[in-house]
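At position 245 of the sequence shown (counting the first as 1) the number is 252 in this note's numbering, and the numbers step up by one without a gap. Each residue gets a CB set at the ideal place from its N, CA and C atoms; glycine is no exception. Note that the coordinates shown come from a computational prediction; the quantities given were computed from them, not determined experimentally.
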Amino acid sequence: MVAAGAARAETWRIVPSVSLGETYSDNVALAADDLRQRGWITDLSPGLRVDANGARVRGFLEYRLHELRYSGASQLDSSQNFLASRFTVEAFKNYLFVDARADTTQESRSPFGSVSAPGSPTSSANSVETTTVQVSPYLKGAVGTSANYQLRLSEGEIRTDDATLPDTRTTEWIGRIGGQPSSATLNWLVEGSTVSARNDVIGKLDDSRLRAKLFVSVRSDLRFWLGEGYDRTDFAGPPERRNDTPGVGIAWIPSPRTQVAGLIERRFFGDGYSASATHRARRTVFRISTRKDAAILPGLSGAGGRASLAELLAELLASTVADPDAREEQARSQVSTLGLPASTPLSGSLLSARPVVYRSQEASAVFQGTIHTVTFSVSDREEREIGADLSGGTVPVGSNDLSRRGYGANWAARLTPNTTATISYTRLVTDGVSDGAPDTRQYDTSIRLVTRLGVRTSATLGVRRAKFDTTAATGSYRETAAFAVVSYGY
8 MVAAGAARAE TWRIVPSVSL GETYSDNVAL AADDLRQRGW ITDLSPGLRV
58 DANGARVRGF LEYRLHELRY SGASQLDSSQ NFLASRFTVE AFKNYLFVDA
108 RADTTQESRS PFGSVSAPGS PTSSANSVET TTVQVSPYLK GAVGTSANYQ
158 LRLSEGEIRT DDATLPDTRT TEWIGRIGGQ PSSATLNWLV EGSTVSARND
208 VIGKLDDSRL RAKLFVSVRS DLRFWLGEGY DRTDFAGPPE RRNDTPGVGI
258 AWIPSPRTQV AGLIERRFFG DGYSASATHR ARRTVFRIST RKDAAILPGL
308 SGAGGRASLA ELLAELLAST VADPDAREEQ ARSQVSTLGL PASTPLSGSL
358 LSARPVVYRS QEASAVFQGT IHTVTFSVSD REEREIGADL SGGTVPVGSN
408 DLSRRGYGAN WAARLTPNTT ATISYTRLVT DGVSDGAPDT RQYDTSIRLV
458 TRLGVRTSAT LGVRRAKFDT TAATGSYRET AAFAVVSYGY
């Protein structure tokens with residue numbers, strides 16, 4: 008359904024949808040082998056997609072509600088919400104803007120429990136529904152012809168349906184001023200930020216940073232920077248940490264298809280770094296990144312930064328579809344043929360009540376041919392807890408330190424103009440670092456067939472196999488299931 012009125016038709020697109028799914032599982036509760044129970048799972052899922060593409064308002068909202076009912080196991084019945092939304096409003100032309108985002112996801116309560124597929128409902132007791140809301144007004148402009156500036160305020164709140172994790176609010180100020188982009192060899196930037204997190208357990212914690220950078224352009228496609236800064240934080244626990252933060256960085260953009268960037272800075276936890284490389288060929292996109300940093304609320308405040316399959320496909324289409332909105336729409340359409348929500352992230356995240364220092368490496372690739380679409384993803388992450396428990400818990404710091412490696416692959420083949428077959432495989436290996444922490448291994452495989460029955464109707468048939476092994480006394484399980492889903496978009 009498109010909003011009424013000629014002017015609004017070019018601005019807003021509203022598409023309600025509904026799907027009904029039936030699954031037969033030999034382990035509906037994902038319980039240990041001696042407790043497994045067979046049964047049917049009914050999933051009624053209304054949804055809504057809103058796209059805004061106007062002169063002053065741009066963005067999208069994608070929402071799905073899953074009403075799950077279990078035959079013979081009504082204690083598992085639940086309602087699960089999934090939301091991804093991003094909007095930008097130009098409140099005052101070329102001067103005042105407002106960014107807003109909201110996400111509702113199913114996060115992992117314990118890093119050593121089973122992990123549900125991103126964007127998918129689950130009966131796992133390790134899942135906790137988490138909502139992140141953020142509103143961010145900002146000003147941007149120029150000081151004569153010599154400098155640009157931006158001042159941003161971000162107010163956010165993070166809520167979960169777990170009573171042991173209190174709602175946490177965040178406030179962040181970011182300001183920067185720097186020389187205007189030019190072909191000059193030298194340029195400069197000064198930026199500062201302060202962020203506070205507060206809830207009923209911890210009170211208030213603060214983190215402040217100040218940076219000054221000098222940019223040197225060696226060539227039109229190659230730029231270096233040198234910087235000096237200052238950090239002050241109490242997120243790592245008492246006493247408050249204060250230190251200088253010198254750093255260096257590089258950006259190389261040899262063509263619109265290839266971008267490479269990296270930086271290294273001294274931080275309160277040691278050396279932090281970030282590097283990424285992206286290359287786009289005619290039918291393939293590669294993306295590689297590595298990072299070492301600290302996170303206040305891992306798995307929550309950073310949820311919006313996780314790449315989705317639709318984003319990678321949109322990047323692949325950049326060579327042939329110039330308009331970014333048309334490119335995003337085409338990418339979402341291609342993802343829907345796989346029977347997946349367009350906003351589904353390529354990887355999940357970890358819910359943690361403590362700040363952590365983490366090191367991560369990620370690589371992903373998409374190949375899209377006339378008939379076949381193939382995706383690969385590999386990730387390696389280490390987390391070390393620091394600071395106070397934001398939930399007020401008594402578990403010793405470091406109990407959830409971990410090393411995690413993930414592997415994923417999808418192969419989709421278009422059998423007919425209206426039918427696509429998809430095979431998916433993921434493997435997740437999590438090793439506890441502290442004494443007594445369990446090690447886990449999780450494998451998930453699925454095969455699905457998606458076919459379009461009409462202009463607005465599609466059907467999905469498939470089977471899946473899940474295997475979860477842990478060194479803990481209880482918790483290992485197996486599941487085999489067959490499922491069918493009929494979806495209708497108005």
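Nearest CA to the CA of arginine 412: which residue from Asp446, Thr423, Asn425?
Asp446
Would the segment 27-44 and the segment 58-71 be scored as touching if the rule is three or more Cβ pairs under 8 Å?
no
Whole-number beta carbon distance between serine 296 and alanine 539, since they are thought to touch under 8 Å:
There is no way to answer for residue 539, as the model of the chain reaches only from 8 to 497.
Quick check on this structure: which residue in Val64, Glu97, Asp50, Thr437 has the alpha carbon closest to the alpha carbon of tyrosine 77?
Asp50
Cβ-Cβ distance between alanine 360 and aspartate 396 below 7 Å:
Between alanine 360 and aspartate 396, the gap from beta carbon to beta carbon is short of 7 Å.
Check whether the Cβ atoms of serine 200 and isoleucine 184 lie closer than 7 Å to each other.
no
Start and end of the beta strand (DSSP E) containing glutamate 392?
379-392
Suppose contacts are defined by Cβ-Cβ distances below 7 Å. Is serine 52 in contact with arginine 65 by that definition?
no
Tell me the rounded alpha-carbon separation between leucine 75 and alanine 301.
Each residue's Cα considered, the two are about 37 Å apart.
Residues near glycine 79 by beta carbon distance below 6 Å, same chain, minus five either side
Gly46
Own chain residues within Cβ distance below 6 Å of valine 25, not counting five before or after:
Cβ neighbours of valine 25 beyond the five flanking positions: Pro53, Tyr495.
So for serine 227, helix, strand or coil by DSSP?
coil
Apart from the five residues just before and just after glutamine 266, which ones in its own chain have a Cβ nearer than 6 Å to its Cβ?
Ile260, Thr285
With contact counted as at least three CB pairs below 8 Å, one residue from each stretch, are the segment 108-122 and the segment 84-99 in contact?
Because the criterion of three Cβ pairs below 8 Å is met, the segment 108-122 and the segment 84-99 touch.
Could you tell me the distance, in whole angstroms, from the CA atom of glycine 311 to the CA atom of glutamate 164?
Unreliable placement is indicated for glycine 311, whose pLDDT of 39 sits below 50; the coordinate value is still reported in the next sentence. So the alpha carbons of these two residues sit roughly 13 Å apart.
Residues in its own chain within less than 7 Å of valine 440 by CB, not counting five upstream and five downstream?
Asp408, Leu409, Ser410.
Three-pair Cβ contact test at 8 Å for the segment 202-210 versus the segment 222-236:
no
Local Cβ density within 10 Å of alanine 115, reported as buried at 16 or more and exposed below that:
Per the sequence shown, residue 115 should be read as serine rather than alanine. Per the 10 Å Cβ criterion, buried.
Kindly indicate which three-state DSSP category aspartate 174 falls into: helix, strand or coil?
In the three-state reduction of the DSSP assignment, aspartate 174 falls in the coil class.
Can glutamate 390 and valine 404 be called in contact, C-beta distance under 7 Å?
The beta carbons of glutamate 390 and valine 404 sit no closer together than 7 Å.
Ends of the beta strand (DSSP E) at serine 465?
464-477
Between the C-alpha atoms of arginine 471 and glutamine 449, what's the straight-line distance to the nearest angstrom?
13 Å
Sort out for me which residues DSSP pairs alanine 204 with in a bridge.
Thr177, Leu212
Whole beta strand (DSSP E) elements within the segment 432-460, 3-residue minimum:
446-459
Among the candidates Gly186, Leu37, Ser465, whose CA atom is the shortest distance from the CA of tyrosine 484?
Leu37
What residue from Asp476, Val493, Tyr156 has the CA that sits closest to aspartate 40's CA?
In this structure, Asp476 is the residue among Asp476, Val493, Tyr156 with its C-alpha nearest to the C-alpha of aspartate 40.
What beta strand (DSSP E) runs, 3 residues minimum, are completely inside the segment 234-317?
248-251, 254-262, 265-274, 277-287, 291-302
Residue nearest to threonine 175 in terms of C-alpha spacing, selected from Glu486, Ser398, Glu272, Thr129
Ser398
According to DSSP, is glycine 82 helix, strand or coil?
Correcting the residue identity first, residue 82 is glutamine in this sequence and not glycine. DSSP places glutamine 82 in helix when its eight states are reduced to three.
Alpha-carbon to alpha-carbon, threonine 252 and threonine 2
The structure shown has nothing for residue 2, since the chain only spans 8 to 497.
Do you know whose CA, among Ser134, Phe104, Asn133, Asn425, lies nearest tyrosine 145's CA?
Phe104
Please classify leucine 37: does DSSP put it in a helix, a strand, or coil?
coil
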